[in-house]
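I have placed the structure first, in the form of structure tokens, so that the comments after it can refer back to it.
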Amino acid sequence: MRDEARRLRTDPGLSRTQLRRMFGVSNATLTDWLRGVEPPARPHAKDHLRGEATRLRTDGWSLNDIATRLGVAKSTAFAWVGHIPLDPDSARATAKRELAKRHSEARWDEFRAERDRRQAEVWDLAARDVDALSDRDVLLMGAVAYWCEGRKSKPWAREDRLTFINSDPGLCGLFLRFLQLGGYGVADLKYRLSIHETADADEAADWWAAQLGLPRDQFRRPTIKKHVPLTRRANVGDDYHGCLIIEAPRSRLLYWRTEGVMRAVVHETSSAFAGQGGGR
9 MRDEARRLRT DPGLSRTQLR RMFGVSNATL TDWLRGVEPP ARPHAKDHLR GEATRLRTDG
69 WSLNDIATRL GVAKSTAFAW VGHIPLDPDS ARATAKRELA KRHSEARWDE FRAERDRRQA
129 EVWDLAARDV DALSDRDVLL MGAVAYWCEG RKSKPWARED RLTFINSDPG LCGLFLRFLQ
189 LGGYGVADLK YRLSIHETAD ADEAADWWAA QLGLPRDQFR RPTIKKHVPL TRRANVGDDY
249 HGCLIIEAPR SRLLYWRTEG VMRAVVHETS SAFAGQGGGR
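Take a look at the structure:
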């Protein structure tokens, strides 16, 4: 009986409970019989799930998704495959990001539509308030625009002439109308682009000339800005046309007039603000 118990323990690998029932002996007796016999290697009940978890993780599944798919706790999934890094570029991960993006966009579509409708209403009201611009309006706005975006003369480097730079064709158009009040036509001015080397400078110059009705042959050689790979730029793509630089030759008197307008504007606004006790 002892020899038979030892054989059955090894092959086919019966359990101690099965052997005790078969031979009708106590646990102590069976322990004596099996002394020196290695217990049989038994597969874990979830070994097939562990293998499936490894396959899913390799395919780009997250721990949450694996746990849900296999019906195990997230901690169990982590113990099985937490050491396997998740490939963010896998087909599974990419598909999940795209699905989440579509769901997010769908949720916001209604909000965006209402926002755009309200924005259009505000624009219409603002346009009614503006109405037609007088020469005085253009003079004031052009001077303020220049003082924000134009080149200023410095006490240590006098350069009393108007040079304006901006990427917005609408603001550049306003400045051209301001220069028109000063006696300049579009053919009297000089134009130049400041643009990154990754863009097509000739195509951008054609675009600016068409937008503002400028003579293309008045454009001088562009200023090319070196591309810095480490800089994360948002002004890229088909909508990027660089900045337009508008130079007004022999514009000393108009530059001084712009200075005078700005001094008067600053004085007027400062006086009004002070008269209200600093706005408090």
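Numbering-wise, the sequence shown is residues 9 to 288 according to this note's numbering.
Just so it is clear, CB atoms sit at the ideal spot from N, CA and C, and this is done for glycine as well.
Asked	Found
Rounded separation between Ala10 and Gly68 - CA only	The residue you asked about is not Ala; residue 10 is Arg in the sequence shown. Roughly 53 Å between the two C-alpha positions.
Extent of the continuous beta strand (DSSP E) run through Tyr199	Lys198 to His204
Phe172, enclosing alpha helix (DSSP H) - first and last residue	Unbroken run through Phe172 is the beta strand (DSSP E), Leu170 to Asn174; no alpha helix (DSSP H).
Simplified DSSP assignment, three categories, for Ala207	coil
Assumed close pair Ile92, Arg58 - CB separation to whole angstroms, cut-off 8 Å	About 12 Å; that fails the 8 Å criterion.
Beta-carbon spacing of Cys180, Ile254 below 8 Å	yes
Neighbour-count burial assignment, His275, 16 or more Cβ in a 10 Å radius	exposed
Alpha helix (DSSP H) segments (min. 4 residues) lying fully within the segment 86-156	99-138
Span separating the alpha-carbon of Ile232 from that of Asp210	12 Å
Cβ neighbour criterion (16 or more within 10 Å) applied to Thr266	buried
Where Lys162 sits in the DSSP three-state scheme	strand
Pairwise C-alpha distance: Lys54 and Gly21	20 Å
Reference Lys234, options Glu205, Arg14 and Met149, closest by Cα	Glu205
Euclidean distance between Cα positions of Leu220 and Val130	26 Å
Unbroken alpha helix (DSSP H) run spanning Ala75, endpoints	Leu71 to Leu78
Reference Thr171, options Leu187, Ala121, Asp225 and Glu106, closest by Cα	Leu187
Element boundaries [beta strand (DSSP E), containing Glu255]	Cys251 to Ala256
Among Ala103, Trp215 and Leu148, nearest to Thr291 - alpha-carbon criterion	Absent from the model: residue 291. The displayed extent of the chain is 9 to 288, so no value can be given.
C-beta contact flag for Gly158 and Leu182 at 8 Å	no
Pair within 8 Å by beta-carbon distance, Pro223 and Ala195	yes
Per-residue DSSP class, three states only, for Lys54	coil
Where Lys234 sits in the DSSP three-state scheme	coil
Alpha helix (DSSP H) segment containing Pro177, residue limits	Pro177 to Leu189
His56, buried or exposed, once every other Cβ within 10 Å from all chains shown has been counted against 16	exposed
Sequence-distant residues of the same chain with beta carbon closer than 8 Å to Arg288, five excluded per side	In this prediction, Arg288 scores a pLDDT of 46, lower than 50, which makes its location untrustworthy; no coordinate-derived value is stated.
Residues that Phe227 bridges to, as DSSP identifies them	Tyr199
Residue range of the alpha helix (DSSP H) that includes Met30	Arg24 to Phe31
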